[in-house]
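Enquirer: In the order they appear, the protein sequences are chains A and B. So the first sequence is numbered by the working numbering: it starts at 1499 and just counts up by one. So the second sequence is numbered by the working numbering: it starts at 1499 and just counts up by one. Quick one: this structure, given as structure tokens, is what I'll be asking you about.
There are 2 protein chains.
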Amino acid sequence: MKTDEVKTQFVQAWGVLGTSWGISRSTAQVHALMLLSKTELSTEDIMQQLQLSRGNVNMVLRELVNWNLIYKQTKPGDRKEYFIAEHDIWQIATRIITERKKREIMPAKQTVKVLLNSTNDAKDSEQLHIKNTLTELHSFIEQMDTMTELLLKVEKNALLKNVLKMIS
Amino acid sequence: MKTDEVKTQFVQAWGVLGTSWGISRSTAQVHALMLLSKTELSTEDIMQQLQLSRGNVNMVLRELVNWNLIYKQTKPGDRKEYFIAEHDIWQIATRIITERKKREIMPAKQTVKVLLNSTNDAKDSEQLHIKNTLTELHSFIEQMDTMTELLLKVEKNALLKNVLKMIS
DNA sequence: ATAAACTTCCAATAATCTTTGAAAGTTTAT
DNA sequence: ATAAACTTTCAAAGATTATTGGAAGTTTAT
Chain A
1499 MKTDEVKTQF VQAWGVLGTS WGISRSTAQV HALMLLSKTE LSTEDIMQQL
1549 QLSRGNVNMV LRELVNWNLI YKQTKPGDRK EYFIAEHDIW QIATRIITER
1599 KKREIMPAKQ TVKVLLNSTN DAKDSEQLHI KNTLTELHSF IEQMDTMTEL
1649 LLKVEKNALL KNVLKMIS
Chain B
1499 MKTDEVKTQF VQAWGVLGTS WGISRSTAQV HALMLLSKTE LSTEDIMQQL
1549 QLSRGNVNMV LRELVNWNLI YKQTKPGDRK EYFIAEHDIW QIATRIITER
1599 KKREIMPAKQ TVKVLLNSTN DAKDSEQLHI KNTLTELHSF IEQMDTMTEL
1649 LLKVEKNALL KNVLKMIS
């Protein structure tokens, strides 16, 4: 397969996958393109290669910069901004996991915690059942949280990586 | 807070959270209601309590049954179908993780694998960079997959649970 | 101070995903 | 065989989310 074909296919496929991960198609596409690109790209480059509007590309790039998945770059004597992707896969993973934690785990934790507080005075059997369910949910979310932290540590911890390999 | 207030708040909050996990609001709401309900509920009960349409509740229940998150029940001398939630939090977790793996990890694995195959004959530096990126992505996805399997095993494995606690 | 080159914002539009509700289908009791 | 009680389907409507594209804003060189 030709280089450009591979690129196109990956970009398109990643866009589709992205939407099932709660990432907008364009965001996933731009990230995919940049991952495969060795060199920095300008907004124009991306617009042209992916046929997306200026506004959209601008927003997506801002989002990716916020997630620390791409970096802004400038070139001497050139006023344009260029962007280049973080290419270290574990760095990428770390940042995505961090975002997902923020988006998916923390709000759930918060919700359950608040409601759990309001069931302290549970008396009848229904109330106790609710309290019990919320308690279990809370402890489960805590464990997911721990797991997430663990994942974030794997990168820096070769020993841990091996332990995981051993026990799994 | 009153029992019904807690229920309502949990159901509503869970509905909102659900949408940021790629689960439809109604699905998350119905599941939340059933988690807090000690007894089985009929389609009518759910329609009435959550003010959702018959069609919607029917589809959602089917989906939840498919995920093994709720069970169908019948009562002697009653033609209606009733549903009751799986209440074991680790069972619930197992089933959700399994679904997410199916939906999020497997398709990505497949995509990368296919494209990786088509870069075997990489020659110039750009092609090698692409091949390299895809290779790393592939190995990362493998690791996520392993991690998922590990998560699924934690439930049944007290030792593993303790190891995790220890090293995290 | 001006204009050129570029970036950002945001209201309108488009695309996608969810929910409804009525009609069709199925099962069970008589 | 019929009708009552219940479940399922699916096209249309509604809600939400993503994208566009032009206008406003900013920066830099002269």
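For every residue, glycine included, the Cβ atom is placed at its ideal position computed from N, Cα and C. Just so it is clear, the structure is predicted and the values come from calculations on it, not from any experiment.
Can you pull the DSSP bridge partners for A:S1540?
Expert: Here residue 1540 of chain A corresponds to residue number 42 of the first sequence, with the count starting at 1. A:S1540 pairs with A:Y1580.
Enquirer: May I have the straight-line CA-CA distance separating A:P1574 from A:Q1546, to the nearest angstrom?
Expert: Numbered from 1 along the first sequence, position 76 holds the residue referred to as residue 1574 of chain A. Numbered from 1 along the first sequence, position 48 holds the residue referred to as residue 1546 of chain A. C-alpha separation (whole angstroms): 23 Å.
Enquirer: For B:I1521, which three-state DSSP category applies?
Expert: Taking the first residue of the second sequence as 1, we reach residue 1521 of chain B at position 23. Reduced to three states, the DSSP call for B:I1521 is coil.
Enquirer: Along the chain, where does the beta strand (DSSP E) that runs through A:K1570 open and close?
Expert: As a first step, residue 1570 of chain A must be located in the first sequence, where it is residue number 72. That run of the beta strand (DSSP E) goes I1568 to K1573.
Enquirer: Helix, strand or coil: how does DSSP classify A:Q1527 here?
Expert: The residue given as residue 1527 of chain A occupies position 29 in the first sequence. Of the three classes helix, strand and coil, the one that applies to A:Q1527 here is helix, per DSSP.
Enquirer: May I ask you to report which of helix, strand or coil DSSP gives B:M1499?
Expert: Along the second sequence, read from residue 1 onward, the residue named residue 1499 of chain B stands at position 1. Note: B:M1499 maps to coil in three-state DSSP.
Enquirer: Measure the alpha-carbon distance for B:E1601 versus A:R1577 and round it to whole angstroms.
Expert: The residue given as residue 1601 of chain B occupies position 103 in the second sequence. The residue given as residue 1577 of chain A occupies position 79 in the first sequence. Reading the sequence as shown, one finds Arg at residue 1601 of chain B and not Glu. So the two alpha carbons sit approximately 43 Å from each other.
Enquirer: Go through its chain and collect everything with a Cβ distance to B:T1517's Cβ below 8 Å, but skip five positions before and after it.
Expert: Within the second sequence, the letter at position 19 stands for residue 1517 of chain B. Cβ within range, chain order: R1523 and A1526.
Enquirer: Does A:Q1549 come out as helix, strand or coil in the three-state DSSP assignment?
Expert: Position 51 of the first sequence, counting from 1, holds the residue named residue 1549 of chain A. If DSSP states are grouped into helix, strand and coil, A:Q1549 belongs with coil.
Enquirer: Between A:I1590 and A:L1567, which are expected to be in contact by the criterion C-beta below 8 Å, what is the C-beta distance as a whole number of angstroms?
Expert: Walking along the first sequence from the start, residue 1590 of chain A turns up at place 92. Walking along the first sequence from the start, residue 1567 of chain A turns up at place 69. Indeed, because the Cβ distance is near 6 Å, the residues count as touching under 8 Å.
Enquirer: For A:W1565, name the three-state secondary structure that DSSP assigns.
Expert: Residue 1565 of chain A sits at position 67 when you count from the first residue of the first sequence. A:W1565 falls in the coil class under three-state DSSP.
Enquirer: Please check if any C-beta of chain A sits within less than 8 Å of the C-beta of B:S1616.
Expert: Mapped onto the second sequence, residue 1616 of chain B falls at position 118. Chain A contact via Cβ: present.
Enquirer: Leaving out five residues before and five after A:Y1569 in sequence, what residues of the same chain have Cβ atoms less than 6 Å from its Cβ?
Expert: The count along the first sequence starts at 1 and reaches residue 1569 of chain A at position 71. For A:Y1569, where only same-chain residues beyond five positions count, the Cβ hits under 6 Å are I1582.
Enquirer: Pull up the CB-CB distance for B:V1528 and B:V1504, whole angstroms please, since I reckon it's below 8 Å.
Expert: By one-based count along the second sequence, residue 1528 of chain B stands at place 30. By one-based count along the second sequence, residue 1504 of chain B stands at place 6. About 17 Å separates the two Cβ atoms, so there is no contact after all.
Enquirer: Grab the span of the alpha helix (DSSP H) containing A:T1609 for me, first residue to last.
Expert: In the first sequence, residue 1609 of chain A corresponds to position 111, counting from 1. Per DSSP, A:T1609 belongs to the alpha helix (DSSP H) from M1604 to N1615.
Enquirer: For the putative contact between A:L1614 and A:T1633, defined by C-beta atoms under 8 Å, what is the C-beta separation to the nearest angstrom?
Expert: Mapped onto the first sequence, residue 1614 of chain A falls at position 116. Mapped onto the first sequence, residue 1633 of chain A falls at position 135. Confirmed, about 7 Å.
Enquirer: In the segment 1637–1650 of chain A, which residues sit with their C-beta less than 7 Å from some C-beta in chain B, listed in chain order?
Expert: Against chain B - using a Cβ distance shorter than 7 Å - the residues of the segment 1637–1650 of chain A are F1638, T1644, M1645, E1647, L1648 and L1649.
Enquirer: Measure the Cβ-Cβ separation of B:K1536 and A:E1584 and say whether it is below 8 Å.
Expert: Numbered from 1 along the second sequence, position 38 holds the residue referred to as residue 1536 of chain B. Numbered from 1 along the first sequence, position 86 holds the residue referred to as residue 1584 of chain A. It is not a contact, given that the beta carbons lie outside the stated cut-off.
Enquirer: If we call anything under 8 Å between Cβ atoms a contact, is A:L1550 one with B:A1606?
Expert: Within the first sequence, numbered from 1, the residue matching residue 1550 of chain A stands at position 52. Within the second sequence, numbered from 1, the residue matching residue 1606 of chain B stands at position 108. Not closer than 8 Å, so no.
Enquirer: How would you call A:K1629, buried or exposed, if buried means at least 16 neighbouring beta carbons within 10 angstroms?
Expert: If you number the first sequence from 1, residue 1629 of chain A lands on position 131. Burial call: buried.
Enquirer: What are the residues in the segment 1598–1615 of chain A lying within 7 Å of chain B by C-beta distance?
Expert: Listed by position along the chain: R1601, E1602, P1605, A1606, T1609 and L1613.
Enquirer: I need the straight-line Cα distance from A:A1620 to A:M1645, nearest angstrom please.
Expert: What you label residue 1620 of chain A is simply residue 122 of the first sequence in a count that begins at 1. What you label residue 1645 of chain A is simply residue 147 of the first sequence in a count that begins at 1. Straight-line Cα distance between these residues: approximately 31 Å.
Enquirer: Please state whether the Cβ-Cβ distance between B:L1559 and B:T1541 is less than 8 Å.
Expert: For this step, residue 1559 of chain B is matched to residue 61 along the second sequence. For this step, residue 1541 of chain B is matched to residue 43 along the second sequence. Going by C-beta atoms, B:L1559 is nearer than 8 Å to B:T1541.
Enquirer: Which value, in whole angstroms, describes the spacing of the CA atoms of B:L1531 and B:T1631?
Expert: To locate residue 1531 of chain B, count along the second sequence from 1; it is residue 33. To locate residue 1631 of chain B, count along the second sequence from 1; it is residue 133. Answer to the nearest angstrom: the Cα atoms are 45 Å apart.
Enquirer: Answer with buried or exposed for A:E1640, where buried requires no fewer than 16 other C-beta atoms within 10 angstroms of its C-beta.
Expert: For the purposes of this step, residue 1640 of chain A is taken as the residue at position 142 of the first sequence. Exposed, because fewer than 16 other Cβ atoms sit within 10 Å of the Cβ of A:E1640.
Enquirer: By the criterion of Cβ-Cβ separation under 7 Å, what are the contact partners of A:M1499 in chain B?
Expert: What you label residue 1499 of chain A is simply residue 1 of the first sequence in a count that begins at 1. Those within 7 Å of A:M1499 in chain B are S1616.
Enquirer: For B:V1610 versus B:H1627, is the C-beta spacing smaller than 8 Å?
Expert: As a working mapping, residue 1610 of chain B is identified with position 112 in the second sequence. As a working mapping, residue 1627 of chain B is identified with position 129 in the second sequence. No, the Cβ-Cβ distance between B:V1610 and B:H1627 is not below 8 Å.
Enquirer: Along chain A, in chain order, which residues have C-beta atoms closer than 8 Å to that of B:G1513?
Expert: One-based indexing of the second sequence puts residue 1513 of chain B at position 15. Those do not exist, as B:G1513 stays about 11 Å from chain A at its closest Cβ, beyond 8 Å.
Enquirer: Would A:T1525 pass as an interface residue toward chain B - the criterion being a Cβ-Cβ separation below 8 Å?
Expert: For the purposes of this step, residue 1525 of chain A is taken as residue 27 along the first sequence, with counting starting at 1. Closer than 8 Å: no.
Enquirer: Compare the beta carbon distance of A:R1598 and A:W1565 with 8 Å and say whether it is the shorter of the two.
Expert: Position 100 of the first sequence, counting from 1, holds the residue named residue 1598 of chain A. Position 67 of the first sequence, counting from 1, holds the residue named residue 1565 of chain A. Result no, Cβ atoms of A:R1598 and A:W1565 do not sit closer than 8 Å.
Enquirer: Compare the beta carbon distance of B:V1509 and B:L1548 with 8 Å and say whether it is the shorter of the two.
Expert: Sequence index remark: in the second sequence, residue 1509 of chain B carries index 11 (1-based). Sequence index remark: in the second sequence, residue 1548 of chain B carries index 50 (1-based). Taking 8 Å as the Cβ cut-off, B:V1509 and B:L1548 qualify as a contacting pair.
Enquirer: Are A:L1648 and A:I1595 closer than 8 Å when you measure CB to CB?
Expert: Walking along the first sequence from the start, residue 1648 of chain A turns up at place 150. Walking along the first sequence from the start, residue 1595 of chain A turns up at place 97. No; because the gap between Cβ atoms is not below 8 Å, this pair is not in contact.
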